[in-house]
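Position 14 of the sequence shown, counted from 1, bears residue number 13 in numbering that gives the first Met the number 0, the numbering being contiguous throughout.
Note that CB positions come from ideal geometry on N, CA and C, so glycine has one too.
Please read all numbers here as calculations on a predicted model, not as lab measurements.
What follows is a set of notes on a single structure, which appears directly below.
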Amino acid sequence: MVGFDSIIPPGRVGTVTESVNLSNYHGGSYTKSASIMSNAKNSPSMQISIRWVIKAYISASPSMIELIKDKNGDFKAEVTLTSEKAKLKVTEVEFRANEEKPANASGPAWQNELPVQISCFLEKDTLKKDGYRDYIYKLSAKVVGVEKKTGDFVFKTNHENAPELKVSGMVDPGR
């Protein structure tokens with residue numbers, strides 16, 4: 000949103016303000032520009048820009064987690080959580096499946112409603128040059144039902160500003 004003094008007499012100073020609603024932005028660098036048009040003879044238009052960086056308290060990579068069955072029948076995935084917080088701990092991981100039943104679901108409905116019990120183990124904690132830390136977590140589960148499920152992995156943490164982090168994902172038992 001841009002606010003401005005609508006009429007500025009010749010030789011006087013006016014004010015132009017620009018603001019941005021940040022509610023739909025996630026961590027990263029951004030730039031917004033605005034064009035100012037006037038009836039000035041020497042420079043009838045000019046550009047102003049706002050640049051900012053939003054720092055996420057915790058970010059996850061990959062942005063979509065796939066819990067997939069390995070050759071031993073266990074379901075495994077790896078996720079890297081990045082944060083400035085030292086000693087970040089994940090206290091619990093929960094998978095919240097989407098409500099709708101898959102179109103190809105063949106088993107009883109109650110099987111799709113069973114919770115996925117996920118174990119979480121910190122494999123590595125690395126301090127990076129930029130002051131952030133990478134926490135590599137291994138996720139595993141034993142029994143996840145017979146149907147593919149999509150939803151969110153919810154990481155409960157000890158971070159005071161980000162006690163929960165949601166990451167989209169899928170649990171795929173395969174065939």
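Looking from the CA of Ser28, the closest CA among Ile35, Lys54, Glu17 belongs to Lys54. Here DSSP, grouped into helix, strand and coil, assigns Ile49 to strand. Annotation: the segment 13-51 contains the following complete segments of the beta strand (DSSP E) (minimum length 3 residues), in chain order: 15-17, 27-36. The Cβ-Cβ distance between Gln46 and Ser37 does not fall below 8 Å. Sixteen is the threshold: since fewer than 16 other Cβ atoms of the shown chains lie within 10 Å of the Cβ of Leu121, the residue is exposed. Within a 10 Å sphere around the beta-carbon of Tyr134 sit 16 or more other beta-carbons, which makes this residue buried.
Under the DSSP definition of a beta bridge, Tyr136 partners with Val78, Leu121. In the DSSP annotation of this structure, the continuous segment of the beta strand (DSSP E) that includes Lys68 starts and ends at 63-68. Leaving aside the five residues that flank Tyr131 on each side, the residues in its chain whose CB is nearer than 8 Å to its CB run, in chain order, Thr81, Ser82, Glu83. The distance from the Cβ of Lys75 to that of Lys137 is about 7 Å, consistent with a contact at the 8 Å cut-off. Excluding residues up to 5 positions away in sequence, Lys155, Thr156, Asn157 lie with their Cβ nearer than 8 Å to the Cβ of Thr90 in the same chain. The beta carbon of His25 sits closer than 6 Å to none of the beta carbons in its chain outside the five residues before and after it. For Glu17, the closest of Asn41, Thr30, Ile7, Pro9 by C-alpha to C-alpha distance is Thr30. DSSP places Leu164 inside the beta strand (DSSP E), whose first and last residues are 163-171.
Per DSSP, the continuous beta strand (DSSP E) segment holding Ala59 begins and ends at 58-60. Nearest in C-alpha terms to Val15, of all of Ser22, Ile49, Lys40, Met63, is Ile49.
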